[in-house]
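Here's the structure, in structure tokens; my notes come after.
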């Protein structure tokens, strides 16, 4: 078992906050590093309720903050690196900003980790590293060439090269998890896979949802608790590997929209279509069999059950309006 504490960058975010809860439940002491640009202390409310002694929050930016001093003081056994700029559109508008957060920020995390004796870094990357894939090659395997067609995907791919070289040069172990479109409770609308959150909010408010493009584009939607399980398993397994974390199932955005209305039980409203984002992948699904071999992991939550949990969460936390 990796020694406690575990440091989680971006731990106040959507995925990070769920992961922090899992780690605390498993008995780990957890240090959360987050600049709160997209994360929220409210996301950590449940984790704090499990006992403050197991959770330490540090408002720190991975680019500008002194991570090395923090790691020297706290001596984490492992770092789970989730902090990132995750908006594809933003990366196309500001590639320098995307590089600064995703590449320079990640390099600062790796340097701090190797200088302070961290045994392992677990890195969250994206299906955007693969770029557009021919339909015959779906779902994508890890051995497919990487041809990112957004600066976001490119920045994530660059960090993989740094991870390999840090391992070869400094014996800093890593596992990189290629995440499909993660969804679930607490998801913000800017995150990758945020279409589920956008649709849920529109449906609950009785408003028309917006769809970028014609809605025929597909995604591989994987539930957040399944993703958290993959990160947890990676603490002890998967050294030196890049592993897809996904369901292997393609779902079109139009199908998702209709399915969410069916689950919510409201009167269906046609979406509003708008121009697609440059660099957006048209079809996406990932082959996660390798994670099954090396992590003994598989996605256990169906899309239907996951969407039901999303609406249950909104019902518990958001004032519902009547459907139009």
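Residue numbers (our numbering): 175 to 498.
Quick reminder that beta carbons are idealized off the backbone N, C-alpha and C, glycines included.
Quantities reported herein were computed from a predicted structural model and do not represent experimental measurements.
Going by beta carbon distance, what residues of the same chain come within less than 8 Å of residue 413, once the five residues before and after it are set aside?
-> 294, 347, 348, 349
Using the rule of at least 16 other Cβ atoms within 10 Å of the residue's Cβ for burial, across every protein chain shown, is residue 447 buried or exposed?
-> exposed
Count the other CB atoms within 10 Å of the CB of residue 384; is the residue buried (16 or more) or exposed (fewer)?
-> exposed
If you drop the 5 nearest sequence neighbours on each side, which residues of the same chain put their C-beta closer than 6 Å to that of residue 286?
-> 241, 242, 245
So residue 230 is in the beta strand (DSSP E); what residue range does that whole segment cover?
-> 229–233
Taking just the CA atoms, how far does residue 370 sit from residue 482?
-> 11 Å
Any idea what DSSP makes of residue 397, helix, strand or coil?
-> strand
With a CB to CB cut of under 7 Å and the five nearest residues on each side skipped, what residues in its chain are close to residue 400?
-> 473, 474, 475
Where residue 277 falls: helix, strand or coil (DSSP) | helix
Per DSSP, which one or two residues make a beta bridge with residue 208?
-> 233
Taking the C-alpha atoms as reference points, what is the distance between residue 419 and residue 272?
-> 23 Å
Cβ pair residue 195, residue 216 closer than 8 Å = no
Would residue 205 pass as a contact of residue 184 if the rule is Cβ separation under 8 Å?
-> no
In the DSSP assignment, find the beta strand (DSSP E) that holds residue 386 and state where it starts and stops.
-> 384–386
Sort out for me which residues DSSP pairs residue 294 with in a bridge.
-> 252, 347
If you scan the region 421–462 from start to end, which runs of the beta strand (DSSP E) of 3 or more residues do you find wholly inside it?
-> 446–448
Along the alpha helix (DSSP H) that carries residue 194, what are the first and last residues, could you check?
-> 188–199
Would you identify the three-state DSSP class for residue 476, choosing helix, strand or coil?
-> coil
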